[in-house]
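First comes the structure, then the notes that go with it.
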Amino acid sequence: MIFPTPHTPHPTTSLAGVPTSIKGAGIGLRSLHYQYILTQKPKVNWFEVISDNYLGDGGLPLYHLGKIRQDYPINLHGVGLSLGSTDPLNRGYLTRLKKLATSMEPDWVSEHLSWISINGHYLNDLIPLLYTEEVLKHVASRILQVQEFLGRPILIENPSPYLTFTDSTMTEWEFVEELVKKTDCYLLLDINNVYVNAINNRFDPLDYLDGIPATRVKEIHLAGYQEQENYLLDTHGYPVHPPVWQLYQAALARFGAVPTLIEWDTDIPSFEVLMAEANKAQQFLAKVC
Ligand SMILES: [Fe+2]
Numbered sequence: 000m001i002f003p004t005p006h007t008p009h010p011t012t013s014l015a016g017v018p019t020s021i022k023g024a025g026i027g028l029r030s031l032h033y034q035y036i037l038t039q040k041p042k043v044n045w046f047e048v049i050s051d052n053y054l055g056d057g058g059l060p061l062y063h064l065g066k067i068r069q070d071y072p073i074n075l076h077g078v079g080l081s082l083g084s085t086d087p088l089n090r091g092y093l094t095r096l097k098k099l100a101t102s103m104e105p106d107w108v109s110e111h112l113s114w115i116s117i118n119g120h121y122l123n124d125l126i127p128l129l130y131t132e133e134v135l136k137h138v139a140s141r142i143l144q145v146q147e148f149l150g151r152p153i154l155i156e157n158p159s160p161y162l163t164f165t166d167s168t169m170t171e172w173e174f175v176e177e178l179v180k181k182t183d184c185y186l187l188l189d190i191n192n193v194y195v196n197a198i199n200n201r202f203d204p205l206d207y208l209d210g211i212p213a214t215r216v217k218e219i220h221l222a223g224y225q226e227q228e229n230y231l232l233d234t235h236g237y238p239v240h241p242p243v244w245q246l247y248q249a250a251l252a253r254f255g256a257v258p259t260l261i262e263w264d265t266d267i268p269s270f271e272v273l274m275a276e277a278n279k280a281q282q283f284l285a286k287v288c
């Protein structure tokens with residue numbers, strides 16, 4: 000173990016009797032909808048939050064999250080671990096993430112297969128990785144350290160890179176399969192990312208679905224991309240597009256009724272729009288059940 004086990008504070012919120020099981024279709028929780036959720040208590044199976052927005056010692060976001068957690072299961076999805084970076088793992092970040100996980104009791108914690116920091120400077124985007132044996136060993140070692148520190152396996156999400164590296168020696172799905180073997184981590188499969196990646200980098204998205212270990216897929220993400228002149232831009236600012244719904248059905252046929260999240264990050268619409276998307280996913284999930 001790289002880091003000493005930190006003192007774990009007692010949860011600030013009592014979670015006795017709160018819902019803890021992630022099932023069916025959920026919605027990405029965004030601050031715009033705090034009040035609606037707290038006053039209307041919409042019928043949503045579960046929410047997922049960007050962990051990085053709740054790593055402070057207090058403040059309104061954490062207060063609202065604690066309130067919402069009383070009525071809904073919540074998962075933690077992060078962007079700041081920088082698993083592919085050559086920077087040392089950020090111990091302060093991990094300590095705060097563990098504290099958040101202790102207080103919110105998510106079913107699971109997830110991160111991206113990418114990197115975001117260099118020499119201690121953080122970027123505003125998730126940067127893709129080379130897929131080689133050397134990078135595989137590096138990322139696997141960091142995932143093992145994170146899992147040991149957090150005391151739980153984590154889920155790794157596939158990115159939506161706009162390029163591939165000529166020096167890569169394996170496909171992304173081969174890299175993911177090897178990563179699972181080396182770390183026993185689970186997978187968060189973003190179907191929109193698979194589709195965007197497949198169109199931009201010209202491969203068959205079904206090959207991706209066939210290439211990853213089916214039993215390790217614990218969660219699915221759905222989102223909307225933006226069509227550009229000769230590529231797809233992964234904006235998370237639109238309803239899920241028809242070809243992504245189609246690929247989603249192929250994924251459900253292969254992986255079963257995996258809990259599915261509607262992810263919407265830019266031009267965030269009313270909560271009812273998100274509910275309609277989640278209900279649509281729920282209908283597909285029900286057919287698999
Ligand atoms: Fe995603």
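Residue numbers (numbering that gives the first Met the number 0): 0 to 288.
Beta carbons: idealized from backbone N, C-alpha and C, even for Gly.
How is the alpha helix (DSSP H) around residue i delimited, first residue to last?
i    : result
I198 : I190 to N200
H137 : E132 to L149
A222 : Careful: A222 lies outside any alpha helix (DSSP H) and carries neither H nor E.
A252 : P241 to F254
L59  : L59 to R68
S109 : No alpha helix (DSSP H) contains S109, which is instead part of the beta strand (DSSP E) from V108 to H111.
A280 : F270 to V287
E173 : E171 to T182
Y53  : Careful: Y53 lies outside any alpha helix (DSSP H) and carries neither H nor E.
G210 : P204 to G210
K97  : R90 to M103
Would residue i pass as an interface residue toward chain C - the criterion being a Cβ-Cβ separation below 8 Å?
i    : result
N192 : The structure shown contains no chain C; it is built from a single protein chain.
In terms of alpha-carbon separation, which member of the options lies closest to residue i?
i    : options                   : result
H137 : A24, A252, A100 and K181  : K181
H120 : E132, S102, Y130 and S84  : S84
S179 : D106, N199 and I153       : Checking the displayed sequence, the identity of residue 179 turns out to be Val instead of Ser. Checking every option, the nearest Cα to that of V179 belongs to I153.
K40  : F270, K279, Q281 and Q282 : F270
D189 : S159, P268, T214 and T165 : S159
V175 : I211, L128, V195 and N199 : I211
H235 : A222, T214 and L135       : A222
K279 : L31, T259 and P268        : T259
I267 : L31, I219, A250 and N44   : L31
Y92  : I67, G55, V257 and I198   : G55
L129 : T165, Q146 and T94        : T165
P60  : N44, Y33 and V78          : Y33
V78  : Q146, S50, L232 and T163  : S50
T214 : D233, D183, N191 and H240 : D183
L231 : N191, R90, T38 and I67    : N191
R68  : T94, V193, E132 and N44   : N44
Measuring straight from C-alpha to C-alpha, what distance separates residue i and residue j?
i    : j    : result
W244 : Q144 : 36 Å
E276 : R141 : 35 Å
D86  : N229 : 35 Å
S113 : N123 : 12 Å
E110 : I155 : 5 Å
Y35  : Y185 : 33 Å
P238 : I26  : 13 Å
T101 : P18  : 15 Å
L284 : I261 : 13 Å
E104 : I73  : 8 Å
L273 : I126 : 28 Å
V287 : Q248 : 9 Å
F148 : L208 : 30 Å
I117 : L80  : 12 Å
M169 : D70  : 44 Å
H76  : N157 : 13 Å
H63  : R29  : 11 Å
A24  : F46  : 9 Å
T7   : V108 : Residue placement at T7 is flagged as unreliable, the pLDDT there being 34, under the threshold of 50; the coordinate-derived value follows with that caveat. Near 17 Å, if we compare the C-alpha coordinates of V108 and T7.
L205 : L96  : 34 Å
S167 : D264 : 30 Å
G58  : N52  : 11 Å
K42  : V48  : 17 Å
D106 : I198 : 32 Å
G150 : V257 : 23 Å
N196 : I21  : 27 Å
A139 : L99  : 24 Å
F254 : E218 : 10 Å
N200 : W172 : 13 Å
Y224 : Y161 : 13 Å
T282 : L251 : The amino acid at residue 282 is misidentified as Thr; the sequence shows Gln. Cα to Cα, the separation comes out at about 12 Å.
Along the chain, where does the beta strand (DSSP E) that runs through residue i open and close?
i    : result
D124 : H120 to I126
T38  : Here T38 belongs to no beta strand (DSSP E); instead the alpha helix (DSSP H) covers Y33 to Q39.
L75  : I73 to H76
T259 : T259 to I261
L154 : L154 to E156
G25  : A24 to G27
W114 : W114 to I117
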